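Participant:
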Amino acid sequence: MTRTAALLGASLLALCPIASGPAFAQTPAPVTVPPLEFTHRELANGLDVYAMPDATAGTVTVTLWYNVGGKDDPQGRSGFAHLFEHILSRKTVNLPYGQISTLVENAGGSRNASTGQDFTNYYETVPPQYLETMLWTHAERMARPVVDQAVFDAERSIVQEELRQRVYAPPYADRGRPRLPRGLLPSGHGDDDRVGQFRSGAAGPLGGPVFRRHPQPGSPGAGV
Numbered sequence: 000m001t002r003t004a005a006l007l008g009a010s011l012l013a014l015c016p017i018a019s020g021p022a023f024a025q026t027p028a029p030v031t032v033p034p035l036e037f038t039h040r041e042l043a044n045g046l047d048v049y050a051m052p053d054a055t056a057g058t059v060t061v062t063l064w065y066n067v068g069g070k071d072d073p074q075g076r077s078g079f080a081h082l083f084e085h086i087l088s089r090k091t092v093n094l095p096y097g098q099i100s101t102l103v104e105n106a107g108g109s110r111n112a113s114t115g116q117d118f119t120n121y122y123e124t125v126p127p128q129y130l131e132t133m134l135w136t137h138a139e140r141m142a143r144p145v146v147d148q149a150v151f152d153a154e155r156s157i158v159q160e161e162l163r164q165r166v167y168a169p170p171y172a173d174r175g176r177p178r179l180p181r182g183l184l185p186s187g188h189g190d191d192d193r194v195g196q197f198r199s200g201a202a203g204p205l206g207g208p209v210f211r212r213h214p215q216p217g218s219p220g221a222g223v
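See below:
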C-alpha cells in the first residue's frame, strides 16, 4: 500500500512541471468556407429573384422580402406595415380567407411572416412538388389581395393580441421595446413599436398609404 502511494506521488510530481510550464498558443487550422452558389435574375416587372439549389435538401423554401417596414408607418399610425403583413397573408381574389395556410399545412409544410423596421418577409417551406403552388400564392398576394372590412377587423384583433402577449405581458416591457425606436429613428418614423399601438395604427381606418405604395413587384426580392 505504501509503495503504491509512493509511486502515485512520484507520478504526480513528474507531471507538475508539465502542468505549470508556459502554454504555447497553437496556430488554428484555416477555415475554408465554400462560396454560396446562387443565380440571380430580374423579371420584367422589376422583381429580383435569387435561386440557391441544394441537392441534399428534401424541401424547398420560397421567401419574399419587401423593402417596407415600421419605418414607413405614417406618423401617428404605427403598426400599419405589420398589420398589412397579416392582411396580405389571408385572402386574395382567388384564395378564400386562410386558404394559403391550408395549402401549406396540407402539403406538410410550414410558413410564417415577420415585419421589421425596414423589411416585411414571408416564407413557406414545402416538399419540392409544391414549389409552383407557393409561387402562385405570392403572385396572388401581390397582385390580387382582398382588403375588406372583415379581414381588416380580424387581423387587427390578432395584432392587438400579439401586442398584449409580446410587448406588454413581460415585466416592465412597456418601458423598453415600445420606446426604443423613438430614440433611434428620425421624428415621424417608427414613433412607436412596429407591432403597433392600440391608439394608432392598430385602431386606424381601413386601407392606408403604406399598403397602396409598397407591396408591388419593384419593392420585393424573392429567394428559392
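For the sequence shown, position 101 (counting from the first letter as 1) is numbered 100 according to numbering that gives the first Met the number 0, and the numbering increases by one without interruption.
Note that the Cβ used here is the ideal one computed from N, Cα and C, for glycine as well.
Note that the coordinates shown come from a computational prediction; the quantities given were computed from them, not determined experimentally.
(1) Which whole-angstrom value describes the C-beta separation of V30 and R40, a residue pair presumed to lie in contact below a C-beta threshold of 8 Å?
(2) Start and end of the beta strand (DSSP E) containing N111?
(3) Report the partner residues of T40 according to the DSSP bridge assignment.
(4) Taking the continuous alpha helix (DSSP H) assigned at T101, which residues delimit it?
(5) Touching or not, the region 64-77 and the region 145-156, by the rule of three or more beta carbon pairs under 8 Å?
(6) What number of angstroms, rounded off, separates the C-alpha of A54 from the C-alpha of T60?
(7) So, with DSSP's three-state summary, where would you put G69?
(8) Between the Cα of V106 and those of A24, L35, P127, spot the shortest distance and give me the residue it belongs to.
(9) With a threshold of 16 other CB atoms inside 10 Å of the CB of A80, please say whether the residue is buried or exposed.
(10) Does DSSP put P27 in a helix, a strand or coil?
(11) Classify I157 as buried or exposed, calling it buried when 16 or more other Cβ atoms lie within 10 Å of its own Cβ.
(12) Measuring only the C-alpha atoms, how far is A110 from T26?
(13) Do the region 82-90 and the region 113-124 touch if we need at least three Cβ pairs shorter than 8 Å?
(14) According to DSSP, N120 sits in a beta bridge with which residue or residues?
(15) Taking C-alpha atoms, which residue in P52, N120, Y96 lies nearest to D152?
(16) Taking the C-alpha atoms as reference points, what is the distance between N120 and A24?
Facilitator: So, from the data block:
(1) Not confirmed; about 31 Å, so no contact.
(2) 109-114 is the span of the beta strand (DSSP E), which, as asked, contains N111.
(3) First, the amino acid is wrong: residue 40 is Arg here, not Thr. Partner(s): V48.
(4) It spans 98-105 - the alpha helix (DSSP H) in which T101 sits, taken as one unbroken run.
(5) With fewer than three CB-CB distances shorter than 8 Å, the region 64-77 does not count as touching the region 145-156.
(6) Rounded to whole angstroms, A54 to T60 spans 13 Å at the Cα level.
(7) Three-state result, G69: helix.
(8) Note on identity: in this sequence residue 106 is Ala, with Val being the wrong assignment. Of all alpha-carbon atoms in A24, L35, P127, the one lying nearest the alpha-carbon of A106 is that of P127.
(9) The Cβ neighbour count for A80, taken over all protein chains shown within 10 Å, is at least 16; the residue is labelled buried.
(10) If DSSP states are grouped into helix, strand and coil, P27 belongs with coil.
(11) Under a 10 Å Cβ-count criterion, I157 is classified as exposed, with fewer than 16 other Cβ atoms of the shown protein chains found around its own Cβ.
(12) First, the amino acid is wrong: residue 110 is Arg here, not Ala. So the alpha carbons of these two residues sit roughly 44 Å apart.
(13) Taking a cut-off of 8 Å on C-beta distances, the region 82-90 touches the region 113-124, as three or more cross pairs fall below it.
(14) For N120, which the question treats as bridged, DSSP gives the partners W64, S113.
(15) Distances from the alpha-carbon of D152 to those of P52, N120, Y96 put Y96 closest.
(16) Just so you know, the alpha carbons of N120 and A24 end up roughly 45 Å apart.
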